[in-house]
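Visitor:
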Amino acid sequence: MSLRTWAIGLLFFGMWTGVVPSSGESTLNVGTTTLSTNHTYISLTGAGTLTLEAGVTLTLQGTTGTFSGTLNGALGTLALSAGTHTFLTQPGSTLGTVALAAGTKLHVGDASASGYLKVNAVSGAGTVHIGEKGTYEVGGDQAIGAIEGSGTLDLKGYTLTTRATAASPFSGKITSLEESGGLCLGDNLYCNTMEGSYLNYFGREPSGQTLYLGYGGGEGVLSVRSNAYSSGGVFVGYTGKGTLNFLNGLSYTGTTFSLGNESTAASVGIVHVTGDMSYAATSPLVLGYNAVDGGTGSLLVSGGLTVTSTINIGRVGTFSAGSLAGTGTLNFLQNSTLTLDGTADGTFSGAIKSSTAGNGTIIKNGAASQTFSGNLTTFSGNIAVNEGALTAGALTQANLLMPNAGTYTLTGDQAWTRLNGADGRITFIAKRLEKFAKKM
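Read the sequence shown against the working numbering and you will find it ends at 444, with the numbers running on by one and no gaps.
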């Protein structure tokens, strides 16, 4: 039997006396059509209105097809058993369920024509591709095999579990309601998401998936309203530029957290945390590449930073926090700078270390008091007290710089390499300063 195309201008069961084609060799060219029983076609074309009644499944098994009309199928199912099928559908188009067989693709919109589709549920391992002018609206919690494209993914208040491959990262815009809506990583998720992309949260399935933001020379920006990330890894600025904004603080207890930690200079990772941040992950937070050349990482925390794990500080653009607390370790692997500039006091009882490749610098700005009560004996960098007060225990190799009216208090025996300043004040608390070269 040869392939057939059925052009149906106005079809309602009970009014039209012909027989609806159900052969898998047919293409349905829609004018105004209502299907009340299951049908299988090669493809769907036309620009009319297709209605799927409750419980009806429309199966498409051809290699390609484009439909530009309106879909009324909130209680029906669209099943793709093969091929790539494009929907340049009109606003308001809805499907109850989309079944995507492995290897199939559902395209919504493309680079030249808009398309809108709301889907309430998804099954199968296929891919949803959102074209540049397309919008895919999530109408219920769902899992899809993969997401790709450069259009708009509208999560509303629901959770989408998915992945995006390294070969086809998602480079569109993600939106969600303010109170809910998020992504769950069904596998690794590669993103170059657009400015203005928002999630309320993101999480992962149990097997160690990772979010890669800023990939393949591209740029990704993503803002997250939730303040907790408890599993999986995050690479910001993997082989491109990534900016990740946490709008309500961050409590990170996941695995790897890497910012610009690649050998290429295109690797730029930036994380902004509005509010307080705590880092207690099983692996170190890696801030920039550990070499003179390579990627750079920036971490900007407007509130206090509490570290009970480790931060490895390589090539840094900006590393700043209001204050520092916790019992963890800061490792300066390059000549990078940490600036503490908040108005709330902080006490850090962990270790601060320099390396053979870099000493590091700590700058104290702001009116607050910062205390280092832990081990600083291997820190050989600069400590500059510009404002407020800084209290430290044993220092044996550091340079103390006090150019302004800051206050430095010794709580342990110290041997500085250099003291440089004009207006600062040093307080001794029953301790001794062994030696220094004073330059005023």
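For glycine and all other residues, C-beta sits at the position ideal for the given N, C-alpha and C. Keep in mind that this is a model prediction, so the values were computed, not measured.
Identify which residue in Q401, I367, S384 has its Cα closest to the Cα of N390.
Guide: Against the sequence shown, residue 390 aligns to sequence position 386. Taking only the C-alpha atoms, the option nearest N390 is I367.
Visitor: So if DSSP puts A355 in a beta bridge, which residue, or which two residues, is it bridged to?
Guide: Locating residue 355 in the sequence shown gives position 351, where the first residue counts as 1. In DSSP, A355 forms a bridge with T333.
Visitor: For D297, does the count of other Cβ atoms within 10 angstroms reach 16, so buried, or fall short, so exposed?
Guide: The count along the sequence shown starts at 1 and reaches residue 297 at position 293. By the neighbour-count criterion, in which a residue is buried when 16 or more other Cβ atoms sit within 10 angstroms of its Cβ, D297 is exposed.
Visitor: Should L75 be counted as a contact of the ligand FMN given a C-beta to heavy atom distance under 6 Å?
Guide: Annotation note on the ligand FMN: not contained in the displayed structure, which lists no ligands.
Visitor: Please go through the stretch 260–299 and give each complete beta strand (DSSP E) segment of 3 or more residues, from N-terminal end onward.
Guide: 261–263, 272–277, 281–283, 289–291
Visitor: By alpha-carbon positions, which one of V60, L56, N231 ends up nearest to L203?
Guide: Counting from 1 along the sequence shown, the entry for residue 203 is found at position 199. The shortest Cα separation from L203 among V60, L56, N231 belongs to N231.
Visitor: In this structure, does DSSP put F250 in helix, strand or coil?
Guide: Within the sequence shown, residue 250 is the residue found at index 246, counting from 1. If DSSP states are grouped into helix, strand and coil, F250 belongs with the strands.
Visitor: Given a threshold of 16 other Cβ atoms within 10 Å of its Cβ, counted over all protein chains shown, does T81 qualify as buried or as exposed?
Guide: Residue numbering aside, residue 81 sits at position 77 when the sequence shown is read from its first letter. Buried: at least 16 other Cβ atoms inside 10 Å.
Visitor: Whose C-beta lies closer than 7 Å to the C-beta of A125 among residues of the same chain, with five residues either side of it excluded?
Guide: Looking up residue 125 in the sequence shown gives position 121. Excluding positions up to five away in sequence, the list reads G100, T101, G144, Q146.
Visitor: Check the DSSP bridge columns for T501 and list the partner residues they point to.
Guide: Here the chain comprises residues numbered 5 to 444, so residue 501 is not present and cannot be evaluated.
Visitor: With 16 other CB atoms within 10 Å as the buried threshold, where does T41 fall?
Guide: Indexing the sequence shown from 1 puts residue 41 at position 37. Exposed: under 16 other Cβ atoms inside 10 Å.
Visitor: Does I148 come out as helix, strand or coil in the three-state DSSP assignment?
Guide: As a first step, residue 148 must be located in the sequence shown, where it is residue number 144. Reduced to three states, the DSSP call for I148 is coil.
Visitor: Can you round the beta-carbon distance between V240 and L263 to whole angstroms, since I take them to be within the 8 Å contact cut?
Guide: If you number the sequence shown from 1, residue 240 lands on position 236. If you number the sequence shown from 1, residue 263 lands on position 259. So it is a contact: roughly 5 Å between Cβ atoms.
Visitor: Just verifying my parser: in three-state terms, what is the DSSP assignment at I12?
Guide: Position 8 of the sequence shown, counting from 1, holds the residue named residue 12. Residue placement at I12 is poorly supported in this model, since its pLDDT is 45, which falls under 50; the coordinates still yield a value, given next. In this structure, I12 counts as strand in the three-state DSSP scheme.
Visitor: Which residues share a DSSP beta bridge with F383?
Guide: Translated into the one-based positions of the sequence shown, residue 383 becomes position 379. For F383, no pairing in a beta bridge is given by DSSP.
Visitor: So who's on the other strand from V238, going by DSSP bridges?
Guide: Residue 238 sits at position 234 when you count from the first residue of the sequence shown. The partner list for V238 (beta bridge, DSSP) reads L215, F261.
Visitor: Only counting runs of 3 or more residues, tell me where the beta strand (DSSP E) segments fall wholly within the stretch 58–140, in order along the chain.
Guide: 61–64, 68–71, 74–84, 88–91, 98–104, 109–112, 119–128, 131–134
Visitor: Do you know how far the Cα of I148 is from the Cα of F71?
Guide: Counted from its first residue, the sequence shown places residue 71 at position 67. Counted from its first residue, the sequence shown places residue 148 at position 144. Computed Cα separation, rounded: 21 Å.
Visitor: Under three-state DSSP, which class holds G308?
Guide: Counting from 1 along the sequence shown, the entry for residue 308 is found at position 304. If DSSP states are grouped into helix, strand and coil, G308 belongs with the strands.
Visitor: Cα separation between G221 and E266?
Guide: Start at 1 with the first residue of the sequence shown, and residue 221 comes out as number 217. Start at 1 with the first residue of the sequence shown, and residue 266 comes out as number 262. Approximately 12 Å, taken between the alpha carbons.
Visitor: Pull up the DSSP beta-bridge partners for R208, would you.
Guide: Taking the sequence shown and counting its residues from 1, the one referred to as residue 208 is at position 204. Bridge partners of R208: L189.
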